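Numbering (this note's numbering), first residue to last: 14 to 200.
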């Protein structure tokens, strides 16, 4: 039990530090950020597995896969992948994410409650935002801002303080990322 008490916060701390570096590098459009994201997701996967939060665990596995996709798409370009906007069609993505989350909730949860609803929607919205990030679609930052506010509150409630601090930092980085990407889009 001592190893568990020592290892779990250490996993959370390392994953949080790597996650911060990941978002900082992605906000500045550096493809090397995906490497930090992949490793962060691995450590978070182990952490959430130990905490038995299966939606968050599954989310990290998906992040690892999307991280490799993001690394490939951002690095495999002779010219840099351009930042672009999808405008009002972002609402189709948001509606799709809500519906997909509800389908997952109904399909995989025997007794839905607020925590399983939050876990499911957090999972789907985070994956939606990550997919948009891999394609350098600026609206990803709007979704990340909402996800990070929700994550900060949720992880404070769970007393996962490193993860809470990370999501607060993610919120600030998402606001800054949106600002930087807007500047680059309209340059």
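All C-beta atoms in this analysis are idealised placements derived from N, C-alpha and C, irrespective of residue type, glycine included. Computed from a predicted model, the values in this text were never measured in an experiment.
Taking C-alpha positions only, residue 114 is separated from residue 153 by approximately 18 Å. By the Cβ rule, the segment 104–112 does not count as touching the segment 176–189, because fewer than three pairs are nearer than 8 Å. Of all C-beta pairs linking the segment 74–89 to the segment 54–66, three or more are shorter than 8 Å, placing the two stretches in contact. Assignment of residue 39 by DSSP, reduced to helix, strand and coil, places it in the helix class. Remark: C-beta atoms of residue 165 and residue 25 do not approach each other more closely than 8 Å.
Looking from the CA of residue 85, the closest CA among 49, 147, 69 belongs to 147. Per DSSP, residue 168 is one residue of the alpha helix (DSSP H) stretching across 153–170.
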